[in-house]
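Working notes, beginning with the structure itself.
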Amino acid sequence: MSTNPDSVRILVPVGMLGAGFPPETVERGLALGADVIAVDGGSTDSGPYYLGAGTAKTARAAVARDLRLLLRAAATAGIPLVIGSCGTSGTDAGVDWVAGITREILAEEGLQLRLATIYSSQRAAELDLDRIRPLPPAGELDRATLESCTNIVGMMGHEPIAAALTAGADVVLAGRATDTAVAAAYPLLKGMPAGPVWHAAKIVECGGQCTTNPRAGGVLATVDATGFTIEPLDPGNACTPTSVAAHMLYETVNPFTMREPAGTIEVGDAVYQALDERRVRVEGSRFEPAAQHTIKLEGARITGYETMSFTAIRDPHILGQIDTWTALLRKMITEWVSGTIGLGEGDYAFDIRRYGYDAILGSLDPATGPPREVGVMLLVHAADQETATAVAKVANPLLLHLPTPDMDYLPSLAFATSPAETERGPVYEFVLNHVVEVSSPTSLFRVCLEDNR
Amino acid sequence: MTVVADLALEVRSKNAGPFWVTMEVFARDADAYAVLADPSFLDASVIAHRYGVTAEDVQFYRIPALNVVKISFPRPVVQGSLHDRDIHAGQHHVPLALLAVPPVT
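Protein sequences, first through last, are from chains U and V.
The first sequence begins at 24 in the working numbering and counts up one residue at a time.
The second sequence begins at 97 in the working numbering and counts up one residue at a time.
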């Protein structure tokens with residue numbers, strides 16, 4: 024049994040695997056004595072499609088590029104590499120996708136690294152409704168909603184990752200994991216105190232986001248018995264007390280407390296102090312263990328199918344009455360769809376977005392005044408693709424020729440593409456915002472250690 | 097007319113998970129922060145009115161050490177649904193940024 028080190032250095036090269044980083048920043052991290060490389064591979068930020076469909080947002084070539092550099096670095100330095108939320112949503116398919124790329128690179132580079140995969144997909148039938156609790160603003164969950172999901176993942180804490188490292192893994196490819204667990208697992212395993220570890224893990228989860236130049240590569244956090252020190256990997260970049268403290272605001276509801284499966288990170292009393300012009304010391308962070316271990320669930324289901332059509336208006340006469348024109352378009356689509364394919368309210372739905380006018384903010388938009396040009400997106404939603412496309416096609420002559428009521432001729436508007444309609448396929452929504460109470464932090468996850476060394 | 101953006105280094109918005117939106121105003125300096133953090137100017141009811149959400153659901157964090165006012169509320173439109181026009185909620189800071197600041201008396 025080896026004794027615990029005095030400190031553990033976590034190298035985070037980038038906020039998301041596949042986003043790219045300068046190779047020399049990782050070399051510098053190794054020179055500074057990195058003990059582990061940790062990187063996040065996913066997020067829910069880009070919407071429910073990636074979880075619903077179980078496909079990655081990132082390009083395979085971009086993930087392979089980052090992975091090759093990190094696998095070489097891990098092998099050179101003899102330190103573990105931990106990747107979380109593989110394949111954007113962390114489904115089993117996402118883990119297998121990243122594992123496939125990893126095996127190819129290991130073979131090509133002749134690297135002898137032992138690979139562990141951790142799977143986090145959940146079967147609806149095996150989840151106990153009595154142990155599932157809603158998080159605000161969600162309500163109680165019913166079995167039908169749970170079973171309607173095309174994919175459900177559980178968000179692991181550090182424990183399954185630590186188990187894989189303890190079992191001898193050099194490379195851990197984890198399914199859905201909290202952003203922080205990816206960086207926290209190794210220092211916790213080495214006996215570093217929970218408060219500084221979790222706070223450091225939160226600060227580094229987006230790589231260079233906590234520096235004064237987020238585009239200049241990642242960061243190195245050194246955790247020890249009383250706190251942590253953070254510095255950018257690029258010698259020309261800086262961490263300041265403000266840049267580090269401000270990162271607690273990023274994409275968080277509450278910047279002072281954050282729930283993890285095993286407890287709560289409390290940083291309200293943390294003190295951020297400049298050690299020099301580019302390094303910051305943080306002390307006073309706490310981690311309060313929870314009485315009940317909980318795993319957050321994420322799930323997405325198909326709500327229907329969409330077809331999109333996009334035309335555009337430059338004629339100042341129509342633009343001067345854009346609201347009147349839109350109201351007429353809405354009324355005519357409804358009438359023509361009823362008259363031609365016999366569909367009424369409830370059989371389909373559509374959204375008309377006026378890009379260049381108020382598409383993004385709608386009625387919340389504080390600006391007024393006639394626009395110079397407007398792109399009109401028609402988005403049709405129906406239970407099946409054929410219906411959505413049929414509605415969009417019925418609307419097509421209107422998107423091409425609809426005048427304002429005071430015009431006695433038919434204008435021709437500017438379609439962006441031919442064909443005008445684009446079938447978007449199935450569309451998804453997130454339906455789970457719940458946690459499940461578990462008796463063991465590893466029970467919902469499967470660790471597979473490959474004997475490829 | 098002075099607006100919130102004029103007193104700020106940055107005003108930004110973003111998803112905080114699929115079900116929440118969070119916004120931050122990074123005030124230019126302590127004087128600007130004092131104006132922006134004053135609840136008689138900016139509070140949950142102002143945000144509720146500006147964003148069409150329920151005031152009881154709006155969370156405020158005023159952080160003088162960073163000259164930051166942070167505001168979080170449940171996402172009014174389901175992310176990725178037919179009527180969601182801002183998947184990352186990254187442009188929803190604008191109604192806040194363009195809010196008129198009362199003249200200093």
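The beta-carbon is built from N, C-alpha and C at its ideal position, and this holds for glycine as well.
If you check the CB distance, Val220/U and Ala207/U come in under 7 Å. The alpha-carbon of Ala411/U is positioned some 23 Å away from that of Leu74/U.
Take Lys80/U, set aside five residues on each side of it, and the residues of its chain with a beta-carbon closer than 6 Å to its own are Ser69, Tyr73, Thr111, in chain order. For Pro198/V, no chain U residue has a C-beta closer than 9 Å to its own C-beta; the minimum C-beta separation is roughly 16 Å. Of all residues in the segment 284-318 of chain U, none has a C-beta nearer than 7 Å to a C-beta of chain V. Cβ contact annotation for Ala187/U (same chain, cutoff 7 Å, sequence separation greater than five): Ala139, Ile141, Val195, Val470, Leu472, in chain order.
In the pairwise beta carbon analysis, the segment 388-400 of chain U is classified as not touching the segment 299-307 of chain U: fewer than three pairs are separated by under 8 Å. Just so you know, the alpha carbons of Thr357/U and Asp381/U end up roughly 22 Å apart. Within the segment 125-169 of chain V, the complete beta strand (DSSP E) segments of 3 residues or longer fall at 155-159, listed in chain order.
CA-CA distance, Ile102/U to Ala116/U, rounds to 26 Å. Here Asn277/U carries a coil assignment [DSSP, helix/strand/coil].
Annotated as proximal: Pro114/V and Thr67/U, with beta-carbon spacing under 7 Å. Only exposed fits Gly448/U, as fewer than 16 other CB atoms lie within 10 angstroms of its CB. Thr67, Asp68, Ser69, Gly70, Pro71, Tyr72: these are the residues of the segment 67-99 of chain U whose beta carbon lies less than 7 Å from some beta carbon of chain V, given in chain order.
Identification of chain V residues near Asp374/U by a Cβ-Cβ cut-off of 7 Å yields Leu178, His179, ordered along the chain.
Sorting Leu55/U, Asp119/U, Ala96/U by C-alpha distance to the C-alpha of Glu132/U places Ala96/U at the top.
Three or more Cβ pairs closer than 8 Å define a contact, and the segment 360-370 of chain U falls short of that threshold against the segment 312-331 of chain U. For Thr111/U, DSSP records a beta bridge to Gly65/U. Annotation: Asp165/U is outside any beta strand (DSSP E) and is labelled neither H nor E by DSSP. Between the C-alpha atoms of Gly107/U and Thr330/U there is a straight-line separation of about 34 Å. Under the three-state reduction of DSSP, Asp374/U is assigned to strand. In the three-state reduction of the DSSP assignment, Cys233/U falls in the helix class, which pools H, G and I. For His222/U, no chain V residue has a Cβ inside 7 Å of its Cβ, as the nearest lies near 16 Å away. From the listed residues Leu342/U, Thr280/U, Gly180/U, Pro255/U, the smallest Cα separation to Arg301/U is found for Pro255/U. Between Met355/U and Tyr378/U a beta carbon distance of about 20 Å is seen, past the 8 Å cut, so the two are scored as non-contacting.
Take the alpha-carbon of Val149/V and the one of Ile143/V: they are about 8 Å apart. Annotated three-state conformation of Thr98/V is coil, per DSSP. Boundaries of the beta strand (DSSP E) harbouring Asp247/U: 242-247, taken from the DSSP string. The beta carbon of Thr168/U lies closer than 7 Å to those of Val454 in the same chain, with the five residues before and after it left out. Its Cα nearest to that of Pro339/U, the residue Pro426/U stands out among Pro426/U, Leu422/U, Val37/U, Pro159/U. For the options Asn277/U, Ile226/U, Ala415/U, the alpha carbon positioned closest to that of Asp374/U is the one of Ala415/U. The C-alpha of Arg337/U is placed about 38 Å away from the C-alpha of Pro198/V. One Cα belongs to Asp202/U, the other to Ala82/U, and the distance between them is close to 20 Å. For Ala161/U, the CB contacts under 7 Å within the same chain, skipping 5 residues up- and downstream, are Asn456, His457 in chain order.
A Cβ-Cβ contact shorter than 7 Å links Leu132/V with Val121/V. For the segment 376-396 of chain U, the set of residues with a beta-carbon nearer than 8 Å to any beta-carbon of chain V comprises Arg376, Ala382, Ile383, Leu384, Gly385, Ser386, Leu387, Asp388, Pro389, Ala390, in chain order.
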